[in-house]
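**Q**
In the numbering used here, the protein residues as written are 78 to 574.
1) Just checking, does the segment 451 to 467 make contact with the segment 430 to 442 on the three C-beta pairs under 8 Å criterion?
2) With DSSP as the reference, label residue 221 as helix, strand or coil.
3) Of all the alpha helix (DSSP H) runs that stay within the bounds of the segment 260 to 328, which reach a length of 4 or more residues?
4) How would you write the range of the alpha helix (DSSP H) that residue 116 sits in, first residue to last?
5) Cutting at 6 Å between CB atoms, please list the residues of its own chain near residue 243, excluding the five before and the five after it.
6) Kindly list the residues whose CB is nearer than 6 Å to the CB of residue 131, restricted to its own chain and excluding five residues on each side of it in sequence; keep chain order.
7) If you drop the 5 nearest sequence neighbours on each side, which residues of the same chain put their C-beta closer than 6 Å to that of residue 223?
8) Return the first residue and the last residue of the beta strand (DSSP E) that residue 178 is part of.
9) Alpha carbon to alpha carbon, what distance is there between residue 240 and residue 248?
10) Inspect the beta-carbon positions of residue 534 and residue 490 and report whether they are closer than 9 Å.
11) How many whole angstroms separate the CB atoms of residue 417 and residue 171, which I take to be in contact at a CB cut-off of 8 Å?
12) For residue 513 and residue 540, I'd like the C-alpha separation in whole angstroms.
13) Out of 425, 477, 219, 235, which one is the CA nearest neighbour of residue 307?
14) Count the other C-beta atoms from every protein chain shown that fall within 10 angstroms of the C-beta of residue 507, then say buried if there are 16 or more, exposed otherwise.
15) Count the other CB atoms within 10 Å of the CB of residue 549; is the residue buried (16 or more) or exposed (fewer)?
16) Under DSSP, the beta strand (DSSP E) around residue 485 begins and ends at which residues?
17) Look up residue 345 in the DSSP assignment and say whether it is helix, strand or coil.
18) Per DSSP, which one or two residues make a beta bridge with residue 359?
19) With respect to 8 Å, is the separation between the Cβ of residue 166 and the closest non-hydrogen atom of the ligand PLP below this value?
20) So, helix, strand or coil for residue 475, using DSSP?
21) Quick check: the Cα distance between residue 367 and residue 353, rounded to an integer number of angstroms?
22) Taking the C-alpha atoms as reference points, what is the distance between residue 526 and residue 364?
23) Measure the Cβ-Cβ separation of residue 349 and residue 183 and say whether it is below 9 Å.
24) Is the CB-CB distance between residue 494 and residue 558 below 9 Å?
25) Given a cut-off of 9 Å, decide if residue 345 and residue 292 are closer than it, judged by their beta-carbon atoms.
26) If distances are taken between C-alpha atoms only, which option among 537, 488, 496, 295 comes closest to residue 509?
27) Note down the Cα distance separating residue 469 from residue 449, rounded to an integer number of angstroms.
28) Note down, in chain order, each residue of its chain lying with its Cβ closer than 6 Å to the Cβ of residue 174, except the 5 sequence neighbours on either side.
29) Please report how far the alpha carbon of residue 560 lies from the alpha carbon of residue 115, in whole angstroms.
30) Got a sec? Which residues, its chain only, sit under 6 Å from residue 251 by beta carbon, not counting five neighbours each side?
31) Could you give the DSSP three-state label for residue 92: helix, strand or coil?
32) Going by DSSP in three states, residue 163 sits in which element: helix, strand or coil?
33) Between which two residues does the beta strand (DSSP E) harbouring residue 416 extend?
34) Between the alpha carbons of residue 180 and residue 397, how many angstroms are there, rounded?
35) If contacts are defined as beta-carbon pairs under 8 Å, then residue 376 and residue 337 qualify, I think. What distance do you get, rounded to the angstrom?
36) Can the beta-carbon of residue 285 be found less than 9 Å from the beta-carbon of residue 106?
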């Protein structure tokens, strides 16, 4: 039956790409925190075989690893790359110069969804995932007030905050999250299918969350599985619609995400200061959507354009609460490209220094205060100093509002290229022989920042500054090279002057 439905869908390709005066339906689908990298290039070569994030690397590679990015994305999301690509357009493959990202400064879920559906980044008021009802008007509210769509707009989401973000209760939008909490994507999918078949909403929004959940858990295998299942959910929704005369040939589909994720190991997180978590993507297909396939060298596009696109599809007049209308997505748009920050930083070559250590360990200075960035640590806030074995923030005398400055010599065993991985919650900066190589400053959740440095055999100076603002703290520095597996910088390599 699945194969038959898919063949029927394929036969609708030309119809779906032509526009006319047929009354249109709209299905909006989001997936929380799915990176553009997996969508466009499939499984990540660094993560797919990393036992830290994968229970069975061999099994995962058998399932999702192939020789080329095109083959990898096809096996990960087959419906996307066999049907959607032929019946619409995709934007956001930064490797091909197609750029899309959030306009908000927070790079996490509530601000991302609010920007999507309210048409602008309200950074001052929308700055938490625990906000409750959105202070802004969503485009779904405006659509639901239109007599053509009244009581025919429905919303279902895995995350319990979704109804609050689109203001379901205030506007009378049906659906929501019956349990008002996070539930499995399979339940969300089942509710959506039930509503499509029984209630026939003219506008449906379905929000899934599996990829973000497993990303934060550091389970890359399950993250990929969630992306694969999400592709199946899209296929199931489209097949139901295109087999139903109420939707067949008249439905536009828009699929996107609320934020990106960090590079490599930083895939576990997103937020302020985490490079890559601002990057998003979009797929639009079906009635009224141009059949351009995977686009390139276009944009930059912003998440805040989504509300205007929904308004255009439904034919309503929507002005965001800030009074500034955004243009709908136009895949032909070519503006000034954004200069992307590199996922990996190559810091160059470092000659060994001529120095005689005084002893083994790390010199430290301990500070207390209201610290939001490294510069907030002033001399007058210093509380203690001494020597410790390693970079140990557990020596802090309070849970929040503290900082450390670590100074040490690192003894490099041989000349080669090393990769430092800085693991930090909140902010930190790392200097190697006086050169800033990692800047992860500011208040943020746990982040992984990586930098390469070719170091000559011998001693090198390391200085690390770290601050803890509030709500959890982590600090670690890892090192790896072609001859050294990734390890936390060991005590045996650290000396002080």
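The C-beta atom is built at its ideal place from N, Cα and C for all residues, glycine as well.
**A** Looking at the coordinates:
1) Yes, the segment 451 to 467 touches the segment 430 to 442.
2) For the purposes of this step, residue 221 is identified with residue 144 of the chain shown, where counting begins at 1. In this structure, DSSP gives residue 221 a helical state, which the three-state scheme calls helix.
3) Counting only unbroken stretches of 4 or more residues, the alpha helix (DSSP H) elements lying wholly within the segment 260 to 328 are 262 to 275, 287 to 293, 297 to 319, in sequence order.
4) The residue given as residue 116 occupies position 39 in the chain shown. Residues 113 to 118.
5) For the purposes of this step, residue 243 is taken as residue 166 along the chain shown, with counting starting at 1. Cβ within range, chain order: 194, 215, 217, 232.
6) Within the chain shown, residue 131 is the residue found at index 54, counting from 1. Within the same chain, residue 131 has close Cβ partners 137, 297, 298.
7) Taking the chain shown and counting its residues from 1, the one referred to as residue 223 is at position 146. Residues 393 of the same chain have their beta carbon placed closer than 6 Å to that of residue 223, with the five preceding and five following residues left out of the count.
8) Indexing the chain shown from 1 puts residue 178 at position 101. 175 to 178 is the extent of the beta strand (DSSP E) around residue 178.
9) Taking the first residue of the chain shown as 1, we reach residue 248 at position 171. Taking the first residue of the chain shown as 1, we reach residue 240 at position 163. Near 10 Å, if we compare the C-alpha coordinates of residue 240 and residue 248.
10) Walking along the chain shown from the start, residue 534 turns up at place 457. Walking along the chain shown from the start, residue 490 turns up at place 413. Result yes, Cβ atoms of residue 534 and residue 490 sit closer than 9 Å.
11) Within the chain shown, the letter at position 340 stands for residue 417. Within the chain shown, the letter at position 94 stands for residue 171. Indeed, because the Cβ distance is near 6 Å, the residues count as touching under 8 Å.
12) Your numbering for residue 513 matches position 436 in the chain shown. Your numbering for residue 540 matches position 463 in the chain shown. The alpha-carbon atoms of residue 513 and residue 540 are separated by roughly 9 Å.
13) Start at 1 with the first residue of the chain shown, and residue 307 comes out as number 230. Nearest C-alpha to residue 307: 235.
14) Position 430 of the chain shown holds residue 507. It counts as buried.
15) For this step, residue 549 is matched to residue 472 along the chain shown. Looking at its Cβ environment, which holds fewer than 16 other Cβ atoms inside 10 Å, residue 549 is exposed.
16) Here the question's residue 485 lines up with position 408 in the chain shown. Its beta strand (DSSP E) spans residues 479 to 489.
17) Numbered from its first residue, the chain shown carries residue 345 at position 268. Helix, per DSSP.
18) Translated into the one-based positions of the chain shown, residue 359 becomes position 282. As computed with DSSP, residue 359 is found in a beta bridge with 168, 333.
19) Annotation note on the ligand PLP: not contained in the displayed structure, which lists no ligands.
20) Here the question's residue 475 lines up with position 398 in the chain shown. Coil, per DSSP.
21) Here the question's residue 367 lines up with position 290 in the chain shown. Here the question's residue 353 lines up with position 276 in the chain shown. When rounded, the distance between both Cα atoms is 28 Å.
22) Here the question's residue 526 lines up with position 449 in the chain shown. Here the question's residue 364 lines up with position 287 in the chain shown. C-alpha separation (whole angstroms): 43 Å.
23) To locate residue 349, count along the chain shown from 1; it is residue 272. To locate residue 183, count along the chain shown from 1; it is residue 106. In contact: residue 349 and residue 183 (Cβ atoms closer than 9 Å).
24) Along the chain shown, read from residue 1 onward, the residue named residue 494 stands at position 417. Along the chain shown, read from residue 1 onward, the residue named residue 558 stands at position 481. Yes, the Cβ-Cβ distance between residue 494 and residue 558 is below 9 Å.
25) To locate residue 292, count along the chain shown from 1; it is residue 215. To locate residue 345, count along the chain shown from 1; it is residue 268. Their beta carbons are under 9 Å apart, which means residue 292 touches residue 345 by this criterion.
26) Numbered from 1 along the chain shown, position 432 holds the residue referred to as residue 509. Per the Cα distances, 537.
27) Mapped onto the chain shown, residue 469 falls at position 392. Mapped onto the chain shown, residue 449 falls at position 372. Straight-line Cα distance between these residues: approximately 20 Å.
28) As a working mapping, residue 174 is identified with position 97 in the chain shown. Taken in chain order, the residues that qualify are 373, 374.
29) Position 483 of the chain shown, counted from the start, is the residue given in the question as residue 560. Position 38 of the chain shown, counted from the start, is the residue given in the question as residue 115. Whole-angstrom Cα-Cα distance: 29 Å.
30) Within the chain shown, the letter at position 174 stands for residue 251. Correct list, in chain order: 231.
31) Mapped onto the chain shown, residue 92 falls at position 15. Here the model assigns residue 92 a pLDDT of 44, short of 50, so the residue's position is not dependable and the matter cannot be decided.
32) To locate residue 163, count along the chain shown from 1; it is residue 86. It is helical.
33) Numbered from its first residue, the chain shown carries residue 416 at position 339. First-last for residue 416: undefined, no H or E at that position.
34) Within the chain shown, residue 180 is the residue found at index 103, counting from 1. Within the chain shown, residue 397 is the residue found at index 320, counting from 1. Using only the alpha carbons, I get a separation of about 14 Å.
35) Translated into positions along the chain shown, residue 376 becomes position 299. Translated into positions along the chain shown, residue 337 becomes position 260. Wrong, their Cβ atoms sit about 14 Å apart, outside the cutoff.
36) Along the chain shown, one-based indexing puts residue 285 at 208. Along the chain shown, one-based indexing puts residue 106 at 29. Against a cut-off of 9 Å, the Cβ pair of residue 106 and residue 285 comes out as a contact.
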